[in-house]
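Heads up, the thing below is written out as structure tokens.
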């Protein structure tokens, strides 16, 4: 018997095995893109309910970024916001019968963690240059360089494991309960899974933002910080 | 449990593409719409501030105009009050002058009335005094009084020039208060030098005394004529 944690390739494109998680991810991408395109086609100066809801989402995202990091949200809004939306929709895709959320697969969460790891480097270099990024490892002093280097890997690893563990466990519990107790019994657990999915998406996005902003701040020279 | 690195890489690429697309399709347009509306709102606020400034300026101008109107009104009121005061003073002076003229006229009229009353009273008093005197004289002894008057008449006749005495002898009237007896008539004839052609008339109104009338001379010597003279003098004096 195969482990439920193993991804089963449905078909292959060249050397790349295409699993259900990848297919679901493409579906989520299509839904998000089509939805975004449809919702943002006619933006006006006098917003209706639809535009007001969209602006509320963006404004809330900006507020969260600003309150979490104190930085201007514009450079981070696209990456952090998309991470949050994707993880949230992926987590909630478990509500569709027959679908497993992509975030319940190791590859998806690991890919997200890798992207956060790379974005920390990207925004760190953009904020303070290569020297600034390297300087961020010496914060608060050079003795901490090995620990900071180790932390830069472990913290994203912990993010990835946390997301994977929570979502995968929710899927497992619901699957086990559904197999044991019938159709309606898992509904409260599914509701709880909705909450868990929202909280995990929020935690993942906020932690990514915290890591990025910490690196940018540590890499900024003191003279620029004071000004 | 194994990690499919092909799948990991593909998912990373998928999410990167999603980030890139959503940034262009969703995040930027919505954020731009927010910024555009904020800019429009800011422009509206600026316009409103400009309008507010204009309104404040207009309000200040109106306030200044109102203050000027109020000051002008106060000045006009003060001027009107001053003019009214002058008019009141003039009217009061005019009224005082009229009143004084009236009082003066009343005093004059009162003085005239008092003078007239005083004259009337004096005249009445003179009349009364003459009447009283006449009545008192009438109580005296007629014969003694007539004798005294006769002596005076004889002396007067004797004192007349010869020409007048001759005129008396040509006729006349001798009026007496009481009938003159023969002795009296003889004394008169003696004074004239001969018996004149006199007619003797009695008039009690004379009280006492005589009135001698000829063609050219009238000689009064009676209390009545004296009282008439006194009354005339008193009235004239009044």
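Residue numbers (our numbering), protein chains in the order written: chain Y, 1 to 227; chain G, 1001 to 1238. The C-beta atom is built at its ideal place from N, Cα and C for all residues, glycine as well.
Should residue i go down as buried or exposed, given a rule of 16 or more other Cβ atoms within 10 Å for buried?
i                       : result
residue 219 of chain Y  : buried
residue 81 of chain Y   : buried
residue 1228 of chain G : exposed
residue 1092 of chain G : exposed
residue 1175 of chain G : buried
residue 25 of chain Y   : buried
residue 1056 of chain G : exposed
residue 1000 of chain G : Any question about residue 1000 of chain G goes unanswered here, given that chain G covers just 1001 to 1238.
residue 1114 of chain G : exposed
residue 65 of chain Y   : buried
residue 166 of chain Y  : buried
residue 1 of chain Y    : Unreliable positioning characterises residue 1 of chain Y in this predicted model, as indicated by a pLDDT of 39, which lies under 50. A coordinate reading is not provided.
residue 11 of chain Y   : exposed
residue 109 of chain Y  : buried
residue 62 of chain Y   : buried
residue 113 of chain Y  : buried
residue 144 of chain Y  : exposed
residue 199 of chain Y  : exposed
residue 1210 of chain G : buried
residue 124 of chain Y  : buried
residue 212 of chain Y  : buried
residue 1075 of chain G : exposed
residue 185 of chain Y  : exposed
residue 97 of chain Y   : exposed
residue 1065 of chain G : exposed
residue 1015 of chain G : buried
residue 19 of chain Y   : buried
residue 1017 of chain G : exposed
residue 1050 of chain G : exposed
residue 1180 of chain G : buried
residue 1111 of chain G : exposed
residue 146 of chain Y  : exposed
residue 54 of chain Y   : buried
Cβ of residue i within 8 Å of Cβ of residue j?
i                       : j                       : result
residue 1019 of chain G : residue 79 of chain Y   : yes
residue 250 of chain Y  : residue 76 of chain Y   : Nothing can be reported for residue 250 of chain Y, as the shown portion of chain Y is limited to 1 through 227.
residue 91 of chain Y   : residue 197 of chain Y  : yes
residue 1154 of chain G : residue 1173 of chain G : no
residue 1271 of chain G : residue 1106 of chain G : Absent from the model: residue 1271 of chain G. The displayed extent of chain G is 1001 to 1238, so no value can be given.
residue 1127 of chain G : residue 1231 of chain G : yes
residue 120 of chain Y  : residue 44 of chain Y   : no
residue 85 of chain Y   : residue 93 of chain Y   : no
residue 205 of chain Y  : residue 1004 of chain G : no
residue 193 of chain Y  : residue 175 of chain Y  : no
residue 1197 of chain G : residue 1171 of chain G : yes
residue 201 of chain Y  : residue 56 of chain Y   : no
residue 95 of chain Y   : residue 1021 of chain G : no
residue 1152 of chain G : residue 1226 of chain G : no
residue 104 of chain Y  : residue 168 of chain Y  : yes
As a quick exercise: from the options, pick the residue whose alpha carbon is nearest that of residue i.
i                       : options                        : result
residue 178 of chain Y  : Y:17, Y:205, Y:190             : Y:190
residue 36 of chain Y   : Y:126, Y:50, Y:207             : Y:50
residue 1213 of chain G : G:1199, G:1204, G:1206         : G:1199
residue 47 of chain Y   : G:1095, G:1120, G:1034         : G:1034
residue 9 of chain Y    : G:1002, G:1015, G:1014, G:1224 : G:1002
residue 1217 of chain G : G:1103, G:1180, G:1156         : G:1156
residue 1237 of chain G : G:1221, G:1189, G:1118         : G:1118
residue 127 of chain Y  : Y:150, Y:221, Y:21, Y:138      : Y:221
residue 1245 of chain G : Y:155, Y:31, Y:41, Y:71        : Outside the displayed range of chain G (1001 to 1238) lies residue 1245 of chain G, so it cannot be described from this structure.
residue 83 of chain Y   : Y:217, Y:213, Y:207            : Y:207
residue 58 of chain Y   : G:1085, G:1032, G:1094, G:1124 : G:1032
residue 1215 of chain G : G:1169, G:1203, G:1183         : G:1169
residue 132 of chain Y  : Y:217, Y:13, Y:14              : Y:217
residue 1233 of chain G : G:1130, G:1094, G:1077         : G:1130
Of all the CB atoms in chain A, is at least one closer than 8 Å to the CB of residue i?
i                      : result
residue 200 of chain Y : Chain labels in this structure do not include chain A; the protein chains are Y and G.
How many whole angstroms separate the CB atoms of residue i and residue j, which I take to be in contact at a CB cut-off of 8 Å?
i                       : j                       : result
residue 1146 of chain G : residue 1178 of chain G : 6 Å
residue 238 of chain Y  : residue 106 of chain Y  : What is shown of chain Y runs 1 to 227, which leaves residue 238 of chain Y out entirely.
residue 1205 of chain G : residue 1224 of chain G : 6 Å
residue 111 of chain Y  : residue 1036 of chain G : Contact doesn't hold; Cβ gap of about 35 Å is too wide.
residue 1158 of chain G : residue 1191 of chain G : 5 Å
residue 1187 of chain G : residue 1160 of chain G : Not really, about 15 Å apart at Cβ, beyond 8 Å.
residue 1007 of chain G : residue 28 of chain Y   : About 15 Å separates the two Cβ atoms, so there is no contact after all.
residue 1010 of chain G : residue 16 of chain Y   : 6 Å
residue 157 of chain Y  : residue 148 of chain Y  : Rounded, the Cβ-Cβ distance is 15 Å, inconsistent with contact.
Q: With a floor of 4 residues, list each alpha helix (DSSP H) that falls wholly inside the region 1153-1237 of chain G, ordered by position along the chain.
A: Here the runs fully enclosed are 1162-1169, 1182-1192, 1223-1237.
Q: Jot down the residue ranges of each uninterrupted alpha helix (DSSP H) in the region 1005-1062 of chain G, minimum 4 residues, whole runs only, in chain order.
A: Within the region 1005-1062 of chain G, the complete alpha helix (DSSP H) runs of at least 4 residues are 1005-1022.
Q.
Which runs of the alpha helix (DSSP H) at least 4 residues long sit entirely within the region 88-163 of chain Y? Give them in chain order.
A. Segments of the alpha helix (DSSP H) lying fully in the region 88-163 of chain Y: 106-136.
Q) Can you list, in chain order, the stretches of the beta strand (DSSP E) that have 3 or more residues and sit fully within the region 6-32 of chain Y? A) Annotation note: the region 6-32 of chain Y contains the following uninterrupted beta strand (DSSP E) runs of length 3 or greater, listed N- to C-terminal: 9-13, 16-19.
Q. In the region 154-221 of chain Y, which residue ranges form an unbroken beta strand (DSSP E) of at least 3 residues, counting only runs that do not cross its ends?
A. If only complete runs of 3 or more residues are kept, the region 154-221 of chain Y shows no beta strand (DSSP E) anywhere.
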